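S.K.: In this note's numbering, the protein residues as written are 58 to 366. Where a beta carbon is used, it is the ideal one built from N, C-alpha and C, also for glycine. A quick note: this is a predicted structure, and the numbers were derived from the prediction, not measured. Here it is, the structure in full.
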């Protein structure tokens with residue numbers, strides 16, 4: 058039986074990770090491991106995520122898979138589902154299942170085709186398979202909140218009627234091993250370091266919900282400090298997680314082009330020119346579905362390393 062003190066220590070750690078502002082990884086990682094070693098299964102999942110992400114330390118997939126196997130043996134449905142997704146198999150020998158996971162196959166680059174040279178827009182068919190798409194939608198549902206936009210006056214994210222969909226954004230405490238490997242797949246497909254990726258988000262649109270005309274790059278005259286500290290949003294990467302809806306494409310207004318991928322298909326583009334200047338031709342809108350629900354994975358990619366989590 059897990060000691061009450063360990064449960065309380067982990068609850069305090071979760072509260073710290075969900076609070077706004079930076080946290081000290083030199084405290085968080087050892088504390089997560091201490092709670093995991095005390096038998097807290099949720100702490101085992103966090104320890105797995107820290108090892109898999111290489112959060113402020115060397116990445117260690119062997120350790121991550123060991124923690125997932127330990128959590129699975131302790132009865133964690135999440136750990137068991139993660140191992141099943143990673144391997145495509147069911148096996149109650151959780152250690153053996155963890156050892157059979159093909160990490161390189163998961164994170165390797167996918168084939169891409171250039172849909173437009175300037176501005177540069179590319180697509181990748183079959184970037185995710187059906188099980189991976191379903192996993193991401195299921196993980197997003199309990200985390201959905203109203204989508205926010207950047208307020209140039211306050212510098213904060215706020216609700217606005219230009220964006221009426223909901224979104225789930227995954228922090229360190231929320232993310233799992235398959236999602237971390239998909240981040241690496243994104244980075245390898247685009248050809249950038251995974252450290253340049255912002256947090257993964259999943260957008261959910263119901264009929265009538267949309268994200269009207271906007272750009273994803275940061276405006277130098279307005280966002281100079283952010284660009285200096287964290288870099289420009291050089292790329293946007295989207296993956297359509299379902300296709301059982303009507304309309305709902307991604308429309309590039311100045312180009313007069315609308316893209317709508319099949320389930321599992323990726324759409325990604327450069328927000329800035331080769332010289333680093335914002336490209337206003339990437340102005341776009343997320344169109345509303347006229348029937349059904351639309352689910353889209355979204356990751357912004359900067360030209361500088363980011364603080365993960």
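Would the region 180 to 195 and the region 313 to 327 be scored as touching if the rule is three or more Cβ pairs under 8 Å?
M.R.: yes
S.K.: Please state whether DSSP places residue 254 in a helix, a strand or coil.
M.R.: Note: residue 254 maps to strand in three-state DSSP.
S.K.: Buried or exposed, going by whether 16 or more other CB atoms sit within 10 Å of the CB of residue 429?
M.R.: Residue 429 lies beyond the residue range present for the chain, which begins at 58 and ends at 366; the question has no answer from this structure.
S.K.: Can you list, in chain order, the residues of its chain with a C-beta nearer than 7 Å to that of residue 302? Leave out the 5 residues immediately preceding and following it.
M.R.: 346, 348, 349, 350, 351
S.K.: Quick one: what's got a C-beta closer than 7 Å to residue 270's C-beta in the same chain, skipping five residues either side?
M.R.: 310, 340, 342
S.K.: Between the Cα of residue 94 and the Cα atoms of 72, 111, 62, which residue gives the shortest distance?
M.R.: Of the listed residues, the one whose Cα sits closest to residue 94 is 62.
S.K.: What residue range is occupied by the uninterrupted beta strand (DSSP E) comprising residue 346?
M.R.: 346 to 348
S.K.: Count the other CB atoms within 10 Å of the CB of residue 108; is the residue buried (16 or more) or exposed (fewer)?
M.R.: Its Cβ being crowded by 16 or more others within 10 Å, residue 108 is buried.
S.K.: Inspect the beta-carbon positions of residue 102 and residue 133 and report whether they are closer than 8 Å.
M.R.: yes
S.K.: How about residue 188 and residue 237: are their beta carbons less than 8 Å apart?
M.R.: No, the Cβ-Cβ distance between residue 188 and residue 237 is not below 8 Å.
S.K.: Apply the 10 Å Cβ neighbour rule to residue 276 and answer buried if 16 or more other Cβ atoms are within range, or exposed otherwise.
M.R.: exposed
S.K.: Quick check: the Cα distance between residue 124 and residue 152, rounded to an integer number of angstroms?
M.R.: 10 Å
S.K.: Can you check which of these residues, 115, 69, 328, 255, is closest to residue 174 by C-alpha distance?
M.R.: Out of 115, 69, 328, 255, 328 has the C-alpha closest to the C-alpha of residue 174.
S.K.: When the Cα of residue 234 is compared with those of 279, 326, 117, 314, which residue comes out closest?
M.R.: Minimum Cα distance to residue 234 is reached at 117.
S.K.: In chain order, which continuous runs of the alpha helix (DSSP H) of length 4 or greater are located wholly inside the region 136 to 165?
M.R.: Here the runs fully enclosed are 151 to 156, 160 to 164.
S.K.: Alpha carbons only, please: which of 364, 162, 144 is nearest the one belonging to residue 245?
M.R.: 162
S.K.: Based on the DSSP secondary-structure assignment, which residues constitute the bridge partners of residue 260?
M.R.: Bridge partners of residue 260: 224, 353.
S.K.: What's the call for residue 170, buried or exposed, on a 16-neighbour Cβ count within 10 Å?
M.R.: exposed
S.K.: What does DSSP give as the partner residues of residue 304 in its beta bridges?
M.R.: 346
S.K.: Here's a check: name, in chain order, each residue in its chain whose Cβ is nearer than 6 Å to the Cβ of residue 315, leaving out the five neighbours to either side.
M.R.: 306, 308
S.K.: Starting from the C-beta of residue 126, find all residues in its chain whose C-beta is less than 6 Å away, skip the five residues before and the five after it, and write them out in chain order.
M.R.: Cβ neighbours of residue 126 beyond the five flanking positions: 151, 152, 155.
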